[in-house]
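Here the structure is laid out as structure tokens; the discussion comes afterwards.
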């Protein structure tokens, strides 16, 4: 059975991007999802001095091991001030010192959501452009604007229209595994 790393680029335990990851993995067929919380990696802020003095932190080694063990990646990232969240960027910085290409040429589905209409699409576009350098084979993107208007909390699902779009993105991703 194929394995997929599914995680949010946020270290916020109540992140709506984390919720979106949970909704996305429900559409996977015959694939095991490997969940990850960036906050549980306990990665110190990357610095060359720290790397030279202490080596790679356990959380970075753990993330590297997880990436090596999976067949693909689903990442839903928020947008912080129009850019990549610090927790995600820091994880990438540590990985970039340990392996190249960072994402090991694995298929990746990039997603984003936000309370606003933009759906964190500025960061999603930036991440999409970085995939060739990071070694991610982009299978597609999915952006959900106005999360709270489309997420039916009492049913823990998306509106039919958005759920169909998400399912299509997952099917395309899964076909690339």
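Numbering (our numbering), first residue to last: 21 to 197.
We put the beta carbon where it would ideally sit given N, CA and C, even for glycine.
Presumed contact (8 Å Cβ cut-off) between residue 165 and residue 125, rounded CB distance: Looking up residue 165 in the chain shown gives position 145. Looking up residue 125 in the chain shown gives position 105. Not a contact, Cβ separation roughly 31 Å.
Residue 47 (DSSP reduced to helix, strand or coil): As a first step, residue 47 is located in the chain shown; it is residue number 27 there, counting from the start. For residue 47, the secondary structure class from DSSP, reduced to helix, strand or coil, is coil.
Using beta-carbon positions only, say whether residue 50 and residue 97 come within less than 8 Å of one another. For this step, residue 50 is matched to residue 30 along the chain shown. For this step, residue 97 is matched to residue 77 along the chain shown. No, Cβ-Cβ distance for residue 50 and residue 97 is not below 8 Å.
Taking just the CA atoms, how far does residue 168 sit from residue 151? As a working mapping, residue 151 is identified with position 131 in the chain shown. As a working mapping, residue 168 is identified with position 148 in the chain shown. Taking the straight line from one Cα to the other gives about 29 Å.
Roughly how many angstroms separate the alpha carbons of residue 91 and residue 194, rounded to a whole number? Counting from 1 along the chain shown, the entry for residue 91 is found at position 71. Counting from 1 along the chain shown, the entry for residue 194 is found at position 174. A straight line joining the alpha-carbon of residue 91 with that of residue 194 spans about 10 Å.
Given that a residue counts as buried once 16 or more other Cβ atoms are within 10 Å of its Cβ, and exposed if not, what is residue 114? Here residue 114 corresponds to residue number 94 of the chain shown, with the count starting at 1. A residue is called buried when at least 16 other Cβ atoms come within 10 angstroms of its Cβ; residue 114 meets this threshold and is buried.
Any 3 or more C-beta pairs closer than 8 Å across the region 105-123 and the region 54-69: By the Cβ test, the region 105-123 is in contact with the region 54-69, since at least three Cβ pairs between them sit closer than 8 Å.
Residue of 135, 95, 186 minimising C-alpha distance to residue 54: The residue you call residue 54 lines up with position 34 of the chain shown. Out of 135, 95, 186, 95 has the C-alpha closest to the C-alpha of residue 54.
In the region 112-171, which residue ranges form an unbroken alpha helix (DSSP H) of at least 4 residues, counting only runs that do not cross its ends? You should have 141-154, 167-170.
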